[in-house]
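Undergrad:
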Amino acid sequence: MPGLLSETEASDTTAKLQLRGEPSLWSTALKEQLEPAAPPLFPCRESFTNMPFHGPLKRGIGNFEGVKDVKSTFFQFGASIQQEALLMLNIMEEYDWHVFSIVTSKFPGYQDFIAILKTTVDNSFVGWDLQHTITLDAVDGDSRTQIQLKKVQSPVILLYCSKDEAAYILEEARSLGLTGFGYIWIVPSLTTGNPEITPDSFPSGMISVSYDDWDYPLEARVRDGLGIITTAAAAMLEEFGDIPEAKTSCYGQMEKTKLPPSALHKYMMNVTWDGRDLSFTEDGYQVHPKLVVIVLNKDREWEKMGKWENQSLTLKYPVWPRFNSFGDAETDDNHLTIVTLEEKPFVIVENVERLTGTCMRNSVPCRKHIKDNTTVGGGTYIKKCCKGFCIDILKKIARNVKFTYDLYLVTNGKHGKKINNVWNGMVGEVVYKKAVMAVGSLTINEERSEVIDFSVPFVETGISVMVSRSNGTVSPSAFLGNYLQGTAAVFLTIVRGKSYFYLSKY
Numbered sequence: 127m128p129g130l131l132s133e134t135e136a137s138d139t140t141a142k143l144q145l146r147g148e149p150s151l152w153s154t155a156l157k158e159q160l161e162p163a164a165p166p167l168f169p170c171r172e173s174f175t176n177m178p179f180h181g182p183l184k185r186g187i188g189n190f191e192g193v194k195d196v197k198s199t200f201f202q203f204g205a206s207i208q209q210e211a212l213l214m215l216n217i218m219e220e221y222d223w224h225v226f227s228i229v230t231s232k233f234p235g236y237q238d239f240i241a242i243l244k245t246t247v248d249n250s251f252v253g254w255d256l257q258h259t260i261t262l263d264a265v266d267g268d269s270r271t272q273i274q275l276k277k278v279q280s281p282v283i284l285l286y287c288s289k290d291e292a293a294y295i296l297e298e299a300r301s302l303g304l305t306g307f308g309y310i311w312i313v314p315s316l317t318t319g320n321p322e323i324t325p326d327s328f329p330s331g332m333i334s335v336s337y338d339d340w341d342y343p344l345e346a347r348v349r350d351g352l353g354i355i356t357t358a359a360a361a362m363l364e365e366f367g368d369i370p371e372a373k374t375s376c377y378g379q380m381e382k383t384k385l386p387p388s389a390l391h392k393y394m395m396n397v398t399w400d401g402r403d404l405s406f407t408e409d410g411y412q413v414h415p416k417l418v419v420i421v422l423n424k425d426r427e428w429e430k431m432g433k434w435e436n437q438s439l440t441l442k443y444p445v446w447p448r449f450n451s452f453g454d455a456e457t458d459d460n461h462l463t464i465v466t467l468e469e470k471p472f473v474i475v476e477n478v479e480r481l482t483g484t485c486m487r488n489s490v491p492c493r494k495h496i497k498d499n500t501t502v503g504g505g506t507y508i509k510k511c512c513k514g515f516c517i518d519i520l521k522k523i524a525r526n527v528k529f530t531y532d533l534y535l536v537t538n539g540k541h542g543k544k545i546n547n548v549w550n551g552m553v554g555e556v557v558y559k560k561a562v563m564a565v566g567s568l569t570i571n572e573e574r575s576e577v578i579d580f581s582v583p584f585v586e587t588g589i590s591v592m593v594s595r596s597n598g599t600v601s602p603s604a605f606l607g608n609y610l611q612g613t614a615a616v617f618l619t620i621v622r623g624k625s626y627f628y629l630s631k632y
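Numbered by this note's numbering, the letters in the sequence shown go through residues 127 to 632 in order.
As C-alpha cells, this is what we get:
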C-alpha cells in the first residue's frame, strides 16, 4: 500500500512500494511539511524511475514550475502560481479594488507572477490601474528597499516573496506607513508559509490565498490520490490489458517493456472519482483546485474568510472590515458607511456585469441584504451596482473631499418614518448609527429635521399648472382656451343684469 513518507524515507522506498493486487502500480505520498530544499528533488526522482508520482502536498510547498524536469510527470494536490495570482485578482474585483501595485523579491517564480498579472490586466474588461511593479533584493540593511517602497501610493499591494523576505519587506513598509489604514496587502501561500508561525511585521488585515487544507486535510488528499491512481490504472488495464512495471532501481538501464512506465501519465490527467473532477494540468496541478482566502485578524490569527470552488468565489465579508493594524487606537475617519434607496432617476440599481462580476465605470458597487432565516445572521448580502443623479453627486463629493465609502441599500422601510417612536428607513439607519450618511431623494420636514441634519437642497419639486407655449404675447385668458366665447357671453349677461338692477333700483 502507498505510505506517508518523510523526505529521507522517500528516496529509499519509492521503487519498493506497490499496490497489493496490482503489483505493477505504486505511488508515494509525501510528508505534509518539507524543507525548502526538498521540492526540486521529487520531480527528479520520478524522472529517474520513469513513473508518475502523486503528492498530496500542503499549500505553497509544491511549487516546481521553475525546476521541473522535462520528463517529469509529478502530480500534486496544489495550486500553481497562475491559479493563486488569478484568485488574488478575483478578490480585488469582488471588493472593487482596481488600483494596485506589485512588489516582489527575486524568489524563483517572481517573473511568472508578474507576467500573469500584467497579461490578465491588459486583456481584462475591468478598469484595472496597475501603478507600479517593484522588484526588491530584500537584503537586510539595503537602503534601496525603502527608496523603492516610497513609490507605492496605491491602496492595494500584491506581494510575492518568501516568508523570511516578507517579514523584512513588511517591516520596512511599516516604517513608511504602508501597513496601516488605507493599505491592504495580498500574498500567495508561498509568503504565508506555516500559518501557525506569523512574523510580527505581518499587518492585521493581510490577505492570503492558499490551497484548501482547512477543509481538505492530508488524509482526504491521500485517499483521493489513491482513487486517482487506481482509476487511471483500471482505465489503462481495460484498454491495453497491461500495466507498466516500475523501475526497481535508480541505477542502470530499464528493461524494455510493452508499455513505457510513463504511459500511465495520460490516464491520470483526466480522472473523475467519487463524483468529483480530479483532473490535472500539463504542469501537474489540479485543473479545479479548492482554494481558500484567509485573513490575519485582530487577534493575530489566520481566519478563513472565503473559498474558491467550481470557478466561484464566496467571501465572508460583503464589505471589507478594514482591520486596524498593530492595534492602533485611531479610527479611519476617511471611510464612511452610506445608505441609499432605489428611486429612479435619483438612484438606479442594476446587476453586476455578467462577464466580469464588477460594476461599469458610471456606477458604484452597493450591497443588498437578502433575508434568509436558515443562515447565521438572518441573511446574506449580494453585490449590486448603483448609479443615477444622487450617485453622481456622491462620487463628485467623495473625489473632492477625499473620502472612501461603502454603499448599501436600505431594507427596513423606505425614506424614513417614525412608528411607535422608532425610526425606520434611511432616516433610521442614520439615527441609530448604522450609517454615517444617507443619499437619495429625501423630503425635508420638521420631524426628520429634529433627529438628522440635511444638506442644502439640490433639487426642489412642486405642483404647477402648465400650458402650451405660443409665439408672441400670451393673453391673460389663455388658460381658458376653447371656453373663452361662452365664458365672455355669460360674464356680459351677468354684468348687464346687475347694471339694470341697480339702475332700476335708483
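C-beta: ideal position from N, C-alpha, C; glycine also. Bear in mind that the values here come from a model prediction, so they are computed numbers and not experimental data.
Assign residue 619 to one of three DSSP states: helix, strand, or coil.
TA: For the purposes of this step, residue 619 is identified with residue 493 of the sequence shown, where counting begins at 1. Here residue 619 sits in helix by DSSP.
Undergrad: How many angstroms separate the CA atom of residue 467 from the CA atom of residue 255?
TA: Residue mapping note: residue 467 aligns to position 341 of the sequence shown, counting from 1. Residue mapping note: residue 255 aligns to position 129 of the sequence shown, counting from 1. Near 30 Å, if we compare the C-alpha coordinates of residue 255 and residue 467.
Undergrad: Could you compute how far the alpha carbon of residue 424 sits from the alpha carbon of residue 475?
TA: Mapped onto the sequence shown, residue 424 falls at position 298. Mapped onto the sequence shown, residue 475 falls at position 349. Rounded to whole angstroms, residue 424 to residue 475 spans 34 Å at the Cα level.
Undergrad: Would residue 493 pass as a contact of residue 510 if the rule is Cβ separation under 8 Å?
TA: Reading the sequence shown from its first residue, position 367 is the one you call residue 493. Reading the sequence shown from its first residue, position 384 is the one you call residue 510. Contact flag set, yes.
Undergrad: Are there 16 or more other CB atoms within 10 angstroms of the CB of residue 197, so buried, or fewer, so exposed?
TA: Here residue 197 refers to the residue found at position 71 when the sequence shown is read from its first residue. Any answer about residue 197 is weak, because its pLDDT of 48 lies below 50 and its placement is not dependable; what the coordinates show is given next. With fewer than 16 Cβ atoms within 10 Å of its Cβ, residue 197 is classed as exposed.
Undergrad: Out of curiosity, what's the CA-to-CA distance linking residue 213 and residue 471?
TA: As a position in the sequence shown, residue 213 is number 87, starting the count at 1. As a position in the sequence shown, residue 471 is number 345, starting the count at 1. Whole-angstrom Cα-Cα distance: 36 Å.
Undergrad: Report, in whole angstroms, the separation of the C-beta atoms of residue 554 and residue 566, which I expect to be a contact under 8 Å.
TA: Stepping through the sequence shown from its first residue, residue 554 is reached at position 428. Stepping through the sequence shown from its first residue, residue 566 is reached at position 440. Between residue 566 and residue 554 the Cβ distance is about 14 Å, and since that is not below 8 Å, they are no contact.
Undergrad: Out of 252, 219, 231 and 244, point me to the one whose CA is closest to residue 208's CA.
TA: By 1-based counting over the sequence shown, the position of residue 208 is 82. Closest option to residue 208, Cα to Cα, is 244.
Undergrad: Along the chain, where does the alpha helix (DSSP H) that runs through residue 407 open and close?
TA: In the sequence shown, counting from the first residue as 1, residue 407 sits at position 281. It is not in any alpha helix (DSSP H) - residue 407 carries neither H nor E in the DSSP assignment.
Undergrad: Please identify the residue among 526, 574, 409 and 570 whose C-alpha is closest to the C-alpha of residue 585.
TA: In the sequence shown, counting from the first residue as 1, residue 585 sits at position 459. When each option's Cα is compared against that of residue 585, the closest is 570.
Undergrad: Is the CB-CB distance between residue 312 and residue 333 below 8 Å?
TA: By one-based count along the sequence shown, residue 312 stands at place 186. By one-based count along the sequence shown, residue 333 stands at place 207. Yes, the pair counts as a contact, with Cβ atoms nearer than the cut-off.
Undergrad: Contact defined as beta carbons within less than 8 Å: I believe residue 283 pairs with residue 227. What is the distance between those atoms, to the nearest angstrom?
TA: Position 157 of the sequence shown, counting from 1, holds the residue named residue 283. Position 101 of the sequence shown, counting from 1, holds the residue named residue 227. Indeed, because the Cβ distance is near 5 Å, the residues count as touching under 8 Å.
Undergrad: Just tell me which of 264, 321, 246 and 562 has its CA closest to the CA of residue 430.
TA: Taking the first residue of the sequence shown as position 1, residue 430 is located at position 304. The candidate whose alpha carbon is nearest that of residue 430 is 321.
Undergrad: In three-state DSSP terms, what is residue 594?
TA: Translated into positions along the sequence shown, residue 594 becomes position 468. Reduced to three states, the DSSP call for residue 594 is coil.
Undergrad: Can you have a look at residue 550 and say buried or exposed, based on whether 16 or more other CB atoms are within 10 angstroms of its CB?
TA: Mapped onto the sequence shown, residue 550 falls at position 424. Result: buried.
Undergrad: Do you know offhand how far residue 317's Cα is from residue 328's?
TA: Numbered from its first residue, the sequence shown carries residue 317 at position 191. Numbered from its first residue, the sequence shown carries residue 328 at position 202. The alpha-carbon atoms of residue 317 and residue 328 are separated by roughly 10 Å.
Undergrad: Per DSSP, which residues does residue 495 bridge with? Please list them.
TA: Here the question's residue 495 lines up with position 369 in the sequence shown. In the DSSP output, where bridge partners are listed per residue, residue 495 has 507.
Undergrad: Following the continuous alpha helix (DSSP H) through residue 521, name the residue where it begins and the one where it ends.
TA: Taking the first residue of the sequence shown as 1, we reach residue 521 at position 395. Per DSSP, residue 521 belongs to the alpha helix (DSSP H) from 515-527.
Undergrad: Considering residue 393, what are the terminal residues of the alpha helix (DSSP H) in which it resides?
TA: One-based indexing of the sequence shown puts residue 393 at position 267. Element bounds for residue 393: 390-395.
Undergrad: From 257, 248 and 299, pick the residue whose C-alpha is nearest to that of residue 633; which is it?
TA: Examination of residue 633 is not possible in this model, given that the chain is present from 127 through 632 alone.
Undergrad: Per DSSP, what kind of secondary structure is residue 350 in: helix, strand or coil?
TA: For the purposes of this step, residue 350 is taken as the residue at position 224 of the sequence shown. Three-state result, residue 350: helix.
Undergrad: What are the start and end residues of the beta strand (DSSP E) that includes residue 430?
TA: The residue you call residue 430 lines up with position 304 of the sequence shown. Note, residue 430: beta strand (DSSP E), 428-435.
Undergrad: In terms of alpha-carbon separation, which member of 307, 366, 418 and 275 lies closest to residue 343?
TA: For this step, residue 343 is matched to residue 217 along the sequence shown. The residue with the shortest Cα to Cα distance from residue 343 is 418.
Undergrad: For the pair the segment 433-443 and the segment 352-360, tell me if three or more CB-CB distances fall below 8 Å.
TA: Verdict: no, contact absent.
Undergrad: Mapping the DSSP letters down to three states, classify residue 443 as helix, strand or coil.
TA: Counting from one through the sequence shown, the residue named residue 443 turns up at place 317. Reduced to three states, the DSSP call for residue 443 is coil.
Undergrad: DSSP on residue 109, reduced to helix/strand/coil?
TA: Absent from the model: residue 109. The displayed extent of the chain is 127 to 632, so no value can be given.
Undergrad: Run through the DSSP bridge pairs and tell me what residue 402 is partnered with.
TA: Locating residue 402 in the sequence shown gives position 276, where the first residue counts as 1. Per DSSP, 399.
Undergrad: For residue 172 and residue 365, I'd like the C-alpha separation in whole angstroms.
TA: One-based indexing of the sequence shown puts residue 172 at position 46. One-based indexing of the sequence shown puts residue 365 at position 239. For residue 172, the predicted structure reports a pLDDT of 49, less than 50, and the residue's modelled location is therefore unreliable. A value from the coordinates is still provided. About 24 Å.
Undergrad: Here's a check: name, in chain order, each residue in its chain whose Cβ is nearer than 6 Å to the Cβ of residue 272, leaving out the five neighbours to either side.
TA: Here residue 272 corresponds to residue number 146 of the sequence shown, with the count starting at 1. Taken in chain order, the residues that qualify are 298.
Undergrad: Mind reading off the beta-carbon distance from residue 516 to residue 533? Whole number of angstroms is fine, and I expect it under 8 Å.
TA: Counting from 1 along the sequence shown, the entry for residue 516 is found at position 390. Counting from 1 along the sequence shown, the entry for residue 533 is found at position 407. Between residue 533 and residue 516 the Cβ distance is about 11 Å, and since that is not below 8 Å, they are no contact.
Undergrad: Can the beta-carbon of residue 302 be found less than 8 Å from the beta-carbon of residue 350?
TA: Locating residue 302 in the sequence shown gives position 176, where the first residue counts as 1. Locating residue 350 in the sequence shown gives position 224, where the first residue counts as 1. No, the pair does not count as a contact, with Cβ atoms beyond the cut-off.
Undergrad: Determine the DSSP secondary structure at residue 333, reduced to helix, strand or coil.
TA: Locating residue 333 in the sequence shown gives position 207, counting from the first residue. In this structure, residue 333 counts as strand in the three-state DSSP scheme.
Undergrad: What separation, rounded to the nearest whole angstrom, lies between the Cα atoms of residue 410 and residue 394?
TA: Here residue 410 corresponds to residue number 284 of the sequence shown, with the count starting at 1. Here residue 394 corresponds to residue number 268 of the sequence shown, with the count starting at 1. Computed Cα separation, rounded: 10 Å.
Undergrad: Buried or exposed: residue 362, going by 16 or more other Cβ atoms within 10 Å of its Cβ?
TA: One-based indexing of the sequence shown puts residue 362 at position 236. When all chains shown are included, residue 362 counts as buried.
Undergrad: Closer than 6 Å by C-beta to residue 229: which residues in its own chain qualify, once you throw out the five before and the five after it? Chain order, please.
TA: Locating residue 229 in the sequence shown gives position 103, counting from the first residue. Result list for residue 229: 260, 283 and 285, in chain order.
Undergrad: Is residue 418 helix, strand or coil by DSSP?
TA: As a first step, residue 418 is located in the sequence shown; it is residue number 292 there, counting from the start. In the structure shown, residue 418 sits in a strand (DSSP, three-state: E or B).
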